[in-house]
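> One structure follows; several queries about it will come next.
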Amino acid sequence: MADKKEKKRGMLDGFKSVLYGMAGHDMARYALKTRGSMEHLFILITMGDLLGIPILPPYYSLRLLPYVVPQISTWKRRMLREKDLTDALA
Amino acid sequence: MSMREVFEQNPDRRYIMFGGKGGLGKTTFSAATAYWLAKQGKKVLVFSVDPQASLSDIFKQDIFGKGPVEIMPNLFAQEIDADRRIKDYQEEIRQKIRDMYGMTEIPEEIENYIQAAAAEPAMEESAIFDEVVDIVGSANYDYYIYDLVPLGHALYYLSMASVYDQWIDKITGLRTEMEEYAKVAAVMQRDKESEEDQILKELQFIKHRINVSSGILTDKLKTAFFFVVVPEEMIILDTKKAAGLFAKFDVPLAGYIVNRVIPPELAGQNIPVYLRNRMEMQTRYLKEIDQVFSGEVLARIPEFERDITGLPMIERMAQVMFGGL
């Protein structure tokens, strides 16, 4: 009895995964990609000075610096690779 | 209305500011008001938000960067050391980075940014602005007296608060939206709760601090802002302009104090023509001040025979301003 239940759940999980693969995965990927772009946009508007674009008074932007340290190098690469800064939003 | 009545009728106004062009007597009035309030049994802190502060000079005591210093019973004075605050703050950021990522050294790129940020011209003002939040947030005193910077800077200070406020609103909005995308992805991938966004928390903290500061500057119940003028044409024109701008930022104007008035009793004495001419000029502009700022002129303070430094002179000034202690 317990075995049957287990099997059923296994099937259900498998089915959920297939469904996710068919429908959800792309959406999730899209959501994450959008979030990634926004992350870069966010760093641009707070840490713009790093690229030579001073955007806000720096006192409070320093407060945010520790949180974006890991993203700084990928962000700079991305900003410099994009043909146009607005591409980063796409 | 007199200065004394303004204070007696509005006991809730705990944040007192004197504004005006440089050298007209803002620090003098700040110190004298602090002295009078302290003599009334109120605990008072007078502090300077000017990088070129002069409270040390007027109290004849070096208080720069020493925190609140007791000048006499109930009267405390403070001059903010912006440079040191910036240095401490930079170190705090470095330490946070080291702790968060277990680094022993800050990456060069990041270090450069920290250095460059501190060299920005707005840094000093922002640092002082931020320290003021600590000072008034401590709630240790009955009265806080701001010895303000000259008008232009004070306006910059005020506009900075509103710009900051709007800017923070915008990026907090962006950050919240980012949270939503992360949540959507997490739900689809059937992850547990997405991580709490530390940056969003930090932004809300910053927003809170800015709101405390600009909230005080525009609080009609708790704040009294006095303009200092002298009977001269240029000063009257500039003050009119500045008063208009301050009104735009919703700063509650409590009234005007006219400083450096040549004592009228001199007219009856044998005085040189030079002085008589100056007195005539002042009479003309005093009339104009009474017209332009009609009903809002609280006091006319005479020109003293010597400069106002040290407690005995501050006491004399307080007597003139408030009519007896």
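Heads up: the sequence lines are chains A and B, in that order.
Using our numbering, the first residue of the first sequence is number 10, and each one after it goes up by one.
Using our numbering, the first residue of the second sequence is number 16, and each one after it goes up by one.
Cβ coordinates follow ideal geometry from the N, Cα and C atoms, glycine included.
Suppose the cutoff is 6 Å on Cβ atoms and the five residues either side in sequence are ignored; what does the same chain contact list for Met32 (chain B) look like?
In the second sequence, residue 32 (chain B) corresponds to position 17, counting from 1. Excluding positions up to five away in sequence, the list reads Tyr161, Leu163 and Phe240.
> So Pro317 (chain B) is in the beta strand (DSSP E); what residue range does that whole segment cover?
Within the second sequence, the letter at position 302 stands for residue 317 (chain B). Taken as a continuous stretch (DSSP letters only), the beta strand (DSSP E) holding Pro317 (chain B) covers Val312 to Pro317.
> Pull the bridge partners of Tyr128 (chain B) from the DSSP assignment, please.
As a working note, residue 128 (chain B) is residue 113 in the second sequence. Per DSSP, none; premise fails for Tyr128 (chain B).
> Buried or exposed for Leu21 (chain A), please, with buried defined as at least 16 other CB atoms from any protein chain shown within 10 angstroms of its CB.
Counting from one through the first sequence, the residue named residue 21 (chain A) turns up at place 12. Per the 10 Å Cβ criterion, exposed.
> In the DSSP assignment, what residue or residues form a beta bridge with Ser228 (chain B)?
Here residue 228 (chain B) refers to the residue found at position 213 when the second sequence is read from its first residue. Looking at the DSSP assignment, Ser228 (chain B) forms no beta bridge with any residue, so it has no partner.
> For Gln110 (chain B), which three-state DSSP category applies?
Reading the second sequence from its first residue, position 95 is the one you call residue 110 (chain B). Taken through DSSP and simplified to helix, strand or coil, Gln110 (chain B) comes out as helix.
> Relative to the C-alpha of Val245 (chain B), which candidate in B:Ala200, B:Leu268, B:Tyr196 and B:Thr298 has its C-alpha closest?
Taking the first residue of the second sequence as position 1, residue 245 (chain B) is located at position 230. Ranked by Cα distance from Val245 (chain B), the first of B:Ala200, B:Leu268, B:Tyr196 and B:Thr298 is B:Thr298.
> Mark Ala46 (chain B) as exposed unless 16 or more other C-beta atoms lie within 10 angstroms of its C-beta, in which case mark it buried.
As a first step, residue 46 (chain B) is located in the second sequence; it is residue number 31 there, counting from the start. Residue burial is scored here from C-beta neighbours: Ala46 (chain B) has at least 16 other C-beta atoms within 10 angstroms and is therefore classed as buried.
> Mapping the DSSP letters down to three states, classify Ile101 (chain B) as helix, strand or coil.
Mapped onto the second sequence, residue 101 (chain B) falls at position 86. Here Ile101 (chain B) sits in helix by DSSP.
> Does any residue of chain B bring its CB to less than 8 Å from the CB of Glu15 (chain A)?
As a position in the first sequence, residue 15 (chain A) is number 6, starting the count at 1. Answer no: the Cβ-Cβ gap between Glu15 (chain A) and chain B never drops below 8 Å.
> Considering just the uninterrupted stretch of the alpha helix (DSSP H) at Gln334 (chain B), what are its terminal residues?
Position 319 of the second sequence, counted from the start, is the residue given in the question as residue 334 (chain B). Here the alpha helix (DSSP H) through Gln334 (chain B) covers Leu326 to Phe337.
> When DSSP labels each residue in this structure, what does Ile286 (chain B) get in the three-state scheme?
Mapped onto the second sequence, residue 286 (chain B) falls at position 271. Three-state result, Ile286 (chain B): coil.
> Residues in the segment 144–163 of chain B with C-beta within 7 Å of chain A's C-beta atoms, listed in sequence order?
Asp145
> Just list the residues that DSSP pairs Gln93 (chain B) with in beta bridges.
On the second sequence, residue 93 (chain B) is found 78 positions in, with the first residue counted as 1. Beta-bridge partners of Gln93 (chain B) (DSSP): B:Phe62.
> Candidates B:Ala132, B:Thr324, B:Gly117 and B:Thr254: which alpha carbon is nearest Val312 (chain B)'s?
For this step, residue 312 (chain B) is matched to residue 297 along the second sequence. From the listed residues B:Ala132, B:Thr324, B:Gly117 and B:Thr254, the smallest Cα separation to Val312 (chain B) is found for B:Thr254.
> Measure the beta-carbon distance from Ile250 (chain B) to Lys36 (chain B) and round it to whole angstroms, keeping in mind my assumption that it falls under 8 Å.
One-based indexing of the second sequence puts residue 250 (chain B) at position 235. One-based indexing of the second sequence puts residue 36 (chain B) at position 21. Right, the Cβ-Cβ distance comes to about 6 Å (below 8 Å), so this counts as a contact.
> Could you check if Ile214 (chain B) is buried or exposed, using at least 16 other CB atoms within 10 Å of its CB as the buried criterion?
The residue labelled residue 214 (chain B) in the question sits at position 199 within the second sequence. Buried.
> Closer than 8 Å by beta-carbon distance: list the chain A residues that pair up with Arg99 (chain B), in chain order.
Here residue 99 (chain B) corresponds to residue number 84 of the second sequence, with the count starting at 1. Here the premise fails: no neighbours, minimum Cβ distance about 15 Å.
> Mind listing the chain A neighbours of Leu189 (chain B)? Cutoff is C-beta to C-beta under 9 Å, in chain order.
Counted from its first residue, the second sequence places residue 189 (chain B) at position 174. What Leu189 (chain B) touches in chain A: Met47, Leu50, Phe51 and Ile54.
> What in chain A is Cβ-close to Tyr50 (chain B), meaning under 9 Å?
By 1-based counting over the second sequence, the position of residue 50 (chain B) is 35. Going along chain A, no residue has its Cβ under 9 Å from Tyr50 (chain B), so there is no contact; the nearest lies around 33 Å.
> Kindly indicate the opening and closing residues of the alpha helix (DSSP H) around Met138 (chain B).
If you number the second sequence from 1, residue 138 (chain B) lands on position 123. Looking at the DSSP string, the run of the alpha helix (DSSP H) that includes Met138 (chain B) is Ala137 to Gly152.
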